[in-house]
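Numbering follows our numbering, in which position 139 of the sequence shown is assigned residue number 149; successive positions increment by one, without gaps.
The beta-carbon is built from N, C-alpha and C at its ideal position, and this holds for glycine as well.
No experiment lies behind these values; they were computed from the predicted model shown.
Input: a single structure, listed below in structure tokens.
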Amino acid sequence: MLKSRKIYRILIPIFVMSSIIGIPLSFSYMAVKASQVNREGDTRFFKNSLFMDMHSSISSDPILIKMKDFTYEESIEVKKAISQIDELSDNLNYIYENDSKGKPIRVIYINNNVELPNTIGGTTKYKADDLSAEILYPIEINIREGLINYVYSEDHSKTLLASVITHEMMHTLGFSDLKTEKWLGQSIMYYNLSDSSDHGVAGLTEQDKKDIISVYGESEDLENI
Ligand SMILES: [Zn+2]
Numbered sequence: 011m012l013k014s015r016k017i018y019r020i021l022i023p024i025f026v027m028s029s030i031i032g033i034p035l036s037f038s039y040m041a042v043k044a045s046q047v048n049r050e051g052d053t054r055f056f057k058n059s060l061f062m063d064m065h066s067s068i069s070s071d072p073i074l075i076k077m078k079d080f081t082y083e084e085s086i087e088v089k090k091a092i093s094q095i096d097e098l099s100d101n102l103n104y105i106y107e108n109d110s111k112g113k114p115i116r117v118i119y120i121n122n123n124v125e126l127p128n129t130i131g132g133t134t135k136y137k138a139d140d141l142s143a144e145i146l147y148p149i150e151i152n153i154r155e156g157l158i159n160y161v162y163s164e165d166h167s168k169t170l171l172a173s174v175i176t177h178e179m180m181h182t183l184g185f186s187d188l189k190t191e192k193w194l195g196q197s198i199m200y201y202n203l204s205d206s207s208d209h210g211v212a213g214l215t216e217q218d219k220k221d222i223i224s225v226y227g228e229s230e231d232l233e234n235i
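Printed below as a string of structure tokens:
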């Protein structure tokens, strides 16, 4: 039976928690080089302690999504949001069933119905290799309960669940929260999803798509959007 969805305007800034492995400061050459990169770069990526952009490794190996405590309807929403990211890149391959024949694969756990503080819709936890700035698996995403009941785009096509999943999955690719006003209405990574929704952003924007393709896609893909 279809439940009627209510539209709520609630303040849900989405925070990320990441724990990063520290390394000694004796890698001074790398640190200087990385600082230069940081000055020239922008703020869309997480930086590690060497100020390098953190990223998921480029590989055709599948990334297994393990979902816990999602209803069928919720899991459809989650998969739709993830497939949007998947389709933008030849270098990302998300799967949902364990392939016993394959070698050990990368895993992202997504747990639903997790108790989180009122203003937080989801969190992403991972570690990173400080030398390569590669995000390490497994990654754990925790989602607050009931987000599917909130409609989160003006045309009612996206739920808050899909918005939060998209935002948190972007963190697993190294994209950071954007907290300055200039990103409001420009990116799903703006930290306050309520404000984003008011500015028409409930999923990947053209800017987000370009960002994903520029790191994880083929160069010719960029010319097609
Ligand atoms: Zn975030």
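- Non-local beta-carbon contacts of M64 in its own chain, meaning distances under 6 Å to residues more than five positions away in sequence, involve F56, N58, A138, A143, I145, G184 in chain order.
- With respect to E84, I158 sits close: the two C-beta atoms are nearer than 8 Å.
- G227 has its alpha-carbon roughly 6 Å from the corresponding atom of D100.
- Secondary structure note for E144: it is in no alpha helix (DSSP H), and the uninterrupted beta strand (DSSP E) holding it is 144-154.
- Counting along the chain, the unbroken alpha helix (DSSP H) around I222 starts and ends at 216-226.
- Your pair S173 and L203 checks out as a contact, with CB atoms roughly 6 Å apart and the cut at 8 Å.
- In this chain, V161 is not harboured by any alpha helix (DSSP H), its DSSP state being neither H nor E.
- Taking C-beta separations shorter than 8 Å and ignoring five residues to either side along the sequence, the partners of K168 in its chain run V161, Y162, A212, G213, following chain order.
- Taking the CA atoms as reference points, S207 sits about 11 Å from Y201.
- Residues S66, I118, T134, Y136, I145, I149, I151 of the same chain have their beta carbon placed closer than 8 Å to that of T182, with the five preceding and five following residues left out of the count.
- The closest CA to that of G156, considering only F61, F80, I223, S197, is found on F80.
- Placement of the Cβ of Y162 at a distance of 7 Å or more from every heavy atom of ligand 1 is found.
- At least one heavy atom of ligand 1 falls within 7 Å of the beta-carbon of D187.
- Annotation: K76 to L171 spans about 16 Å, alpha carbon to alpha carbon.
- Along the length of the region 75-146, whole alpha helix (DSSP H) runs at least 4 residues long occupy 82-97, reported in chain order.
- Spanning the alpha carbons of L74 and Y82 requires a straight line of approximately 18 Å.
- For T215, the number of other beta carbons within 10 angstroms of its own is at least 16, and it is reported as buried.
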